[in-house]
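Have a look at the structure below before the remarks.
Residue numbers (this note's numbering): 1 to 259.
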């Protein structure tokens with residue numbers, strides 16, 4: 001089963017931290033937040049990733065193409081051409097990463113649609129954003145999705161701020177409001193599980209936002225369910241988020257570090 005990660009947005013609210021790299025590449029400790037998200041999925045056995053690239057996508061490409069050089073101790077022999085010998089390579093990176101260009105200004109719905117071919121005949125795939133970490137139990141999330149049999153499961157979290165509000169009846173989502181002015185209860189934390197039939201709700205329009213028209217249609221069809229996560233979840237939207245996430249990581253108290 002593949003995990004699709006949306007990595008193409010411009011992250012305008014956090015430009016004061018890093019103006020020249022995409023938000024998923026902003027670091028927590030030694031590694032970008034994108035690595036932390038992927039490490040979490042890999043812990044649960046999901047190691048086949050499809051990254052939807054856009055703004056400054058080449059930075060993400062360079063990180064993974066040169067992963068050993070950028071993350072491990074290496075010896076470089078220059079005589080007769082550079083030869084690189086990795087030293088003390090960190091375990092746990094037996095990943096397969098597909099780097100897919102999905103457009104500079106493309107919105108989330110079209111980005112997902114544009115990686116359809118990389119999912120091949122998989123009936124189910126994971127989907128999340130490249131800028132939020134949490135200690136979501138991915139195995140329990142997937143089991144919940146398989147049990148209810150609907151098209152899409154969204155992880156509903158307790159918000160540190162205000163984002164996309166979920167209106168819930170039992171386990172079924174009956175309303176979705178993107179970033180309301182005031183709300184109570186749960187918000188969308190990403191960490192979706194999607195049946196392949198979700199592509200019936202998507203098209204290639206560059207301005208198609210998954211969280212708007214497709215999500216509303218899924219709600220209307222009764223095909224959007226919520227998995228309640230009461231543990232840690234936090235996005236990296238602002239410099240304040242950046243400082244907080246780095247602080248807990250440096251103290252060895254990062255709740256999302258489940259590996």
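Quick reminder that beta carbons are idealized off the backbone N, C-alpha and C, glycines included.
Going along the chain, which residues of its own chain have a beta-carbon closer than 7 Å to the beta-carbon of residue i, five neighbours each way excluded?
i	result
residue 203	113
residue 159	187
residue 46	1, 3, 126, 138
residue 36	28, 133, 256
residue 59	21, 22, 25
residue 201	214, 217, 218
residue 143	none
residue 199	113, 116
Leaving out the 5 sequence neighbours to the left and right, which residues in its chain are closer than 6 Å to residue i when beta-carbon positions are compared?
i	result
residue 181	Because the pLDDT at residue 181 is just 43, under 50, the model does not fix this residue reliably, and the value given afterwards should be weighed accordingly. Counting only Cβ-Cβ distances below 6 Å, and skipping sequence neighbours, we find nothing.
residue 248	254
residue 64	97
residue 145	153, 193
residue 77	83
residue 175	167
Quick check: residue i and residue j, are their CB atoms within less than 8 Å of each other?
i	j	result
residue 192	residue 151	no
residue 173	residue 141	no
residue 133	residue 155	no
residue 260	residue 196	Only positions 1 to 259 of the chain appear in the structure, and residue 260 is not among them; the question remains open.
residue 315	residue 106	Nothing in the structure corresponds to residue 315, since the chain is present only between 1 and 259.
residue 100	residue 34	no
residue 102	residue 8	yes
Using a Cβ-Cβ cutoff of less than 8 Å, which residues in the same chain neighbour residue i once the five nearest sequence positions on both sides are dropped?
i	result
residue 30	71
residue 14	23, 26, 236, 237, 238, 239, 241, 242
residue 221	151
residue 250	29
residue 6	52, 108, 111, 112, 127, 128, 129, 130
Around the C-beta of residue i, are 16 or more other C-beta atoms found within 10 angstroms, so that it is buried, or is it exposed?
i	result
residue 259	exposed
residue 110	buried
residue 82	exposed
residue 42	buried
residue 148	exposed
residue 131	buried
residue 62	exposed
residue 208	buried
residue 185	exposed
Check for me: the alpha helix (DSSP H) holding residue i runs from which residue to which?
i	result
residue 241	239-250
residue 144	138-148
residue 64	57-65
residue 34	33-43
residue 218	213-220
residue 108	108-114
May I ask you to list the residues that DSSP assigns as paired with residue i?
i	result
residue 167	175
residue 234	133
residue 100	52
residue 126	3, 193
State the start and end residues of the unbroken beta strand (DSSP E) segment that holds residue i.
i	result
residue 156	152-157
residue 74	73-77
residue 225	224-229
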